[in-house]
Amino acid sequence: MIVASIDISGGQCVQWIGGRERALELGDPRPWARRFAPLGEIAVVDLDAALGVGDNAGLVRELCALARCRVGGGIR
């Protein structure tokens, strides 16, 4: 089974190492959500909300409108 995942920080699609160090910054997550949508549910994690340093709630709502999403990382 493949579970597509989009991690968000600062409004950008990112990948972190060890929960803090940025390994990749891939820009706007909307194109990724469109690309992953045919695979089924997408795991969307708001890393800023998880760390208590803000949130990306508006962006997460937009992603949920683009594809089926399971949301985590401090967003309820």
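Quick note: the sequence shown uses this note's numbering, first residue -16, plus one each step.
Glycine included, each C-beta is placed from N, C-alpha and C at the ideal position.
If we call anything under 8 angstroms between Cβ atoms a contact, is residue 36 one with residue 55?
-> The residue labelled residue 36 in the question sits at position 53 within the sequence shown. The residue labelled residue 55 in the question sits at position 72 within the sequence shown. No, Cβ-Cβ distance for residue 36 and residue 55 is not below 8 angstroms.
Among residues of its own chain, excluding the 5 on either side of residue -12, which ones have a beta-carbon nearer than 8 angstroms to its beta-carbon?
-> Residue numbering aside, residue -12 sits at position 5 when the sequence shown is read from its first letter. Excluding sequence neighbours, residue -12 sits near 25, 26, 27, 28.
So what does DSSP say about residue 9, is it helix, strand or coil?
-> As a first step, residue 9 is located in the sequence shown; it is residue number 26 there, counting from the start. DSSP places residue 9 in coil when its eight states are reduced to three.
Per DSSP, residue 4 forms a beta bridge with which residues?
-> Translated into the one-based positions of the sequence shown, residue 4 becomes position 21. 0, per the DSSP bridge assignment.
Which same chain residues, not among the five before or five after residue 41, have their C-beta less than 6 angstroms away from its C-beta?
-> Within the sequence shown, residue 41 is the residue found at index 58, counting from 1. Closer than 6 angstroms at the Cβ level, and outside the excluded window around residue 41, lies no residue.
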